[in-house]
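Participant: Under the working numbering, read the sequence shown as residues 284 to 383, first letter to last.
Idealized CB from N, CA, C, for every residue including glycine.
Submitted below is the structure of interest, expressed as structure tokens.
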Amino acid sequence: MGKAPVTKTKPDSREPGGTGDARKPEKPKKSYRPFIIQAWCKKCGICVAFCPRQVYRCDDKGVHVDKPEECIGCRFCEMHCPDLAVSVQERDAAPGGKSS
Ligand code: SF4
Ligand code: SF4
């Protein structure tokens, strides 16, 4: 009795390179633009505390958007600002919107 033939598993031809999951097409990544209306801001720091991505920076002159590229659009800052001084906009918003 001879040896059983060794079968190799072929990469799935539906997947580029045979790896990854073909059922999960990659969505285009959205980007956001947070900004602070300085005239309305009382520098309480609530937005800084709630932001999970450390987008804001606080110094002796107030609160500033330091890393806008880190914003994930969760709007925690916007929801918690007591003076409605924060606004978060999608960068790829439809024409007519305030996007960059
Ligand atoms: S929560 Fe609003 S008022 Fe407070 S620091 Fe942030 S932007 Fe200013
Ligand atoms: S939307 Fe979320 S991630 Fe973006 S600045 Fe506000 S709290 Fe931070």
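Answer yes or no: the CB of G356 versus the heavy atoms of ligand 2, is any distance below 7 Å?
Facilitator: Locating residue 356 in the sequence shown gives position 73, where the first residue counts as 1. Result yes, Cβ under 7 Å from ligand 2.
Participant: On the CB-based measure, 16 or more other CB atoms within 10 Å of its CB, does A332 come out buried or exposed?
Facilitator: One-based indexing of the sequence shown puts residue 332 at position 49. Exposed, because fewer than 16 other Cβ atoms sit within 10 Å of the Cβ of A332.
Participant: Kindly list the residues whose CB is nearer than 6 Å to the CB of R358, restricted to its own chain and excluding five residues on each side of it in sequence; keep chain order.
Facilitator: For this step, residue 358 is matched to residue 75 along the sequence shown. Closer than 6 Å at Cβ, skipping near neighbours: V371.
Participant: Could you tell me if I320 is buried or exposed, where buried requires 16 or more neighbouring beta carbons within 10 angstroms of its beta carbon?
Facilitator: What you label residue 320 is simply residue 37 of the sequence shown in a count that begins at 1. By the neighbour-count rule (16 or more Cβ atoms within 10 Å), I320 is not buried but exposed.
Participant: Tell me which residue opens and which closes the beta strand (DSSP E) that C330 is part of.
Facilitator: Working through the sequence shown from its first residue, we reach residue 330 at position 47. Per DSSP, C330 belongs to no beta strand (DSSP E); it is in the alpha helix (DSSP H), I329 to F333.
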